[in-house]
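A.B. asks:
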Amino acid sequence: MAYEIKLDVFEGPLDLLLYLIKKNEIDIYDIPIALVTEQYLEHVEIMKTLNLDLAGEYLVLASTLLYIKSKMLLPVPEDEEGEDEEDPREGLVRQLLEYQAFKEAALNLDKMSVLGRDVFSRGYSVKEESEEEEIPIREVGIFELVEAFRNAVSEAGDEELMEIDVEKISLSETINQIMDELNTKKMLAFTDLLGGLESKTRIIYTFLAILELMKMRVIRAYQTVSYGPIRICLAVGE
Amino acid sequence: MDNVKAIIEALIFVSDLPISIDRIREVLGEEVEKKKIAEVLATIRQEYEARGGGIFVREIAGGYQFRTGEDAAPWIKKMKAIKPLALSPAAMETLAVVVYRQPIMKSDIEQVRGVDVSGVLKGLLEKNLVKMVGRKDVPGRPIIYGTTRKFLEVFNLRDLTELPLLKEIEE
Numbered sequence: 000m001a002y003e004i005k006l007d008v009f010e011g012p013l014d015l016l017l018y019l020i021k022k023n024e025i026d027i028y029d030i031p032i033a034l035v036t037e038q039y040l041e042h043v044e045i046m047k048t049l050n051l052d053l054a055g056e057y058l059v060l061a062s063t064l065l066y067i068k069s070k071m072l073l074p075v076p077e078d079e080e081g082e083d084e085e086d087p088r089e090g091l092v093r094q095l096l097e098y099q100a101f102k103e104a105a106l107n108l109d110k111m112s113v114l115g116r117d118v119f120s121r122g123y124s125v126k127e128e129s130e131e132e133e134i135p136i137r138e139v140g141i142f143e144l145v146e147a148f149r150n151a152v153s154e155a156g157d158e159e160l161m162e163i164d165v166e167k168i169s170l171s172e173t174i175n176q177i178m179d180e181l182n183t184k185k186m187l188a189f190t191d192l193l194g195g196l197e198s199k200t201r202i203i204y205t206f207l208a209i210l211e212l213m214k215m216r217v218i219r220a221y222q223t224v225s226y227g228p229i230r231i232c233l234a235v236g237e
Numbered sequence: 000m001d002n003v004k005a006i007i008e009a010l011i012f013v014s015d016l017p018i019s020i021d022r023i024r025e026v027l028g029e030e031v032e033k034k035k036i037a038e039v040l041a042t043i044r045q046e047y048e049a050r051g052g053g054i055f056v057r058e059i060a061g062g063y064q065f066r067t068g069e070d071a072a073p074w075i076k077k078m079k080a081i082k083p084l085a086l087s088p089a090a091m092e093t094l095a096v097v098v099y100r101q102p103i104m105k106s107d108i109e110q111v112r113g114v115d116v117s118g119v120l121k122g123l124l125e126k127n128l129v130k131m132v133g134r135k136d137v138p139g140r141p142i143i144y145g146t147t148r149k150f151l152e153v154f155n156l157r158d159l160t161e162l163p164l165l166k167e168i169e170e
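Same order as they appear, the protein sequences are chains G and Z.
Residues 0 to 237 in numbering that gives the first Met the number 0 are what the first sequence spells out, letter by letter.
Residues 0 to 170 in numbering that gives the first Met the number 0 are what the second sequence spells out, letter by letter.
1. The alpha helix (DSSP H) that contains G/L181, what's its start and end?
2. For Z/L84, would you say it is in contact with chain G, using Cβ-to-Cβ distances shorter than 8 Å as the test?
3. Which chain Z residues are close to G/R149, counting only those with a beta carbon under 7 Å from its beta carbon?
4. Along chain G, which residues have their Cβ under 7 Å away from the Cβ of Z/A95?
5. Just to confirm the assignment, what range does the alpha helix (DSSP H) spanning G/Y204 have?
6. Does Z/M104 get closer than 8 Å to chain G when you measure Cβ to Cβ?
7. Since Z/F55 sits in a beta bridge, which residues does DSSP pair it with?
8. Please tell me whether G/Y20 and G/I30 are closer than 8 Å, where the distance is taken between their beta carbons.
9. Which residue wins for smallest C-alpha separation from Z/K130, given the options Z/K33, Z/Q110, Z/G122?
10. How should G/A104 be labelled, buried or exposed, when 16 other C-beta atoms within 10 angstroms of its C-beta is the threshold for buried?
11. What does the alpha-carbon distance come out to for the pair G/S169 and G/E146?
12. Among all the DSSP beta bridges, which residues are the ones paired with G/L114?
13. Using only the alpha-carbon positions, how far apart do Z/K33 and G/E85 sit?
14. In whole angstroms, give me the CA-to-CA distance for Z/D70 and Z/R22.
15. To the nearest angstrom, report how far apart G/E133 and Z/D15 are at their CA atoms.
16. Output the distance between the C-alpha atoms of Z/L120 and G/D117, rounded to the nearest integer angstrom.
17. Measuring only the C-alpha atoms, how far is G/I174 from G/M215?
18. With 16 other CB atoms within 10 Å as the buried threshold, where does G/K102 fall?
19. Along chain Z, in chain order, which residues have C-beta atoms closer than 8 Å to that of G/P12?
20. In angstroms, rounded to a whole number, what distance separates the CA positions of G/L310 and G/L40?
21. Distance, Cα to Cα, Z/R134 vs G/E24?
22. Within 10 angstroms of its Cβ, does G/K22 collect 16 or more other Cβ (buried), or is it exposed?
23. Strictly below 7 Å CB to CB, what residues from chain G border Z/Q64?
24. Does any residue of chain G bring its CB to less than 8 Å from the CB of Z/K147?
25. Given that Z/I75 touches chain G, what residues does it touch there, using C-beta distances under 7 Å?
26. Please report the straight-line C-alpha distance between G/M186 and Z/K79, rounded to a whole angstrom.
27. Between Z/F154 and Z/E58, what straight-line distance do the alpha-carbon atoms span, to the nearest angstrom?
28. List, in chain order, every chain Z residue whose beta-carbon is nearer than 9 Å to that of G/Y98.
29. Locate the beta strand (DSSP E) running through Z/R134, then write down its first and last residues.
30. For G/L144, which residues in the same chain have their Cβ closer than 6 Å to its Cβ, ignoring the five residues on either side in sequence?
31. Between which two residues does the beta strand (DSSP E) harbouring Z/G145 extend?
32. Taking C-alpha atoms, which residue in G/L65, G/V113, G/I231, G/V152 lies nearest to G/P87?
33. Just checking my contact of G/K68 with G/A33 at CB under 8 Å: how many whole Å lie between their CB atoms?
34. Roughly how many angstroms lie between the CA atoms of G/A190 and G/G122, to the nearest whole one?
35. Given G/V201, which residues of its chain have a CB within under 6 Å of its CB, disregarding the five upstream and five downstream residues?
36. Per DSSP, what kind of secondary structure is Z/Y47 in: helix, strand or coil?
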């Protein structure tokens, strides 16, 4: 079991760095790299102990910070003529400011009158929400059938008498039975077919018969809602 | 047509999506001028605004639509048992980058946010707030993304210019 713990949720390494800058009341244009790097690594360390999967993105920025720190420790060669050396922090500062601007923009977006949260239109958001449930009927696949089969088996109870060859059931016979029933009733609930049966052998044969009939495309299985009752009807006449 | 105002109001009421001036003109016929429709729409809007009731006519994504006032939101949610459209901070940030930088490649969004945005972007695409708008003409022809009409509808916007400008980065 993996526990996901989020401390002061950070949206990424830049977010963490911005947080540290704010927390220490640092001038973003003059970041004390040594201090920030130290605190940043501390946070990464905590995160690592909590969640080993913690993205490499945090480590990328950590290495950037360390690189800047080391670069700032080196003396600027004096013999080089002309303009000032570019501050090694400049690229990072630009990235941080850009990120900050978008973070703010995101907050502004969130302040808008959001449809379905602050404002509503006629029918609109309701339709959005219930989109999935609106489909009245959908064809079910093999897994739903297997699930229903398992339920039927588990409901049949364990008190199975251990007698061999109590009744001889043939698959074709079972198929014929189902077809007969379907011809008269048009639509049957899956549980009706299986539910009334006492022995597991019969349930299994009935299930196999249904699968066979579906494979031959003689019958179709439907359900109205997910996990709802499965209905079976003839494929012909549609 | 003397009752143009009443008709237009009814059209807005009936329309599921914001109805545009062009569409209204299509319905009313060529003899009604666009300018006239725009004037009538403005009047209708003002009337609802002045009335200060529960519903207003808003200009959304190039059309007009009735929307409820914000005060009623908690009760509407209770009545309809709606769970509000929830976007995580990560989704909002990603959306903001797309809004202000579109058309934009995924890698550029990641550059700005400093994290992988695959999952979040997929969520936004599924919610139909962001769409693929094409491919960039560079090696690999990466997909470029932009916001949708639905984005304007959801965020109650006439168009993108209604959004505040991105705080420019001081040099």
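No residue lacks a Cβ here, since even glycine has one placed at the ideal position from N, Cα and C.
Note that the structure is a prediction, hence the values are computed from the model and not measured.
C.D. replies: Per the coordinate set shown:
1. 170-184
2. yes
3. Within chain Z, no residue comes near G/R149; the closest Cβ sits about 32 Å away, beyond 7 Å.
4. F101, A104, A105, L108
5. 199-214
6. no
7. Z/R66
8. The question names Tyr, but residue 20 of chain G in the sequence shown is Ile. Result yes, Cβ atoms of G/I20 and G/I30 sit closer than 8 Å.
9. Z/G122
10. buried
11. 23 Å
12. G/V118
13. 58 Å
14. 31 Å
15. At G/E133, the pLDDT of 39 sits below 50, so the modelled position is not reliable and the matter cannot be decided from this model.
16. 24 Å
17. 11 Å
18. buried
19. G113, V114
20. Here chain G has residues from 0 to 237 only, and residue 310 of chain G is not among them.
21. 43 Å
22. exposed
23. S120
24. Inspection of the sequence shows that residue 147 of chain Z is occupied by Thr rather than by Lys. With 8 Å as the cut-off, Z/T147 does not count as an interface residue toward chain G.
25. F119
26. 34 Å
27. 12 Å
28. E92, V111, R112, G113
29. 129-134
30. none
31. 142-146
32. G/L65
33. 6 Å
34. One detail in the question is off: residue 190 of chain G reads as Thr in this sequence, not Ala. Distance between the alpha carbons of G/T190 and G/G122: 37 Å.
35. Per the sequence shown, the amino acid found at residue 201 of chain G is Arg instead of Val. Correct list: empty, nothing qualifies.
36. helix
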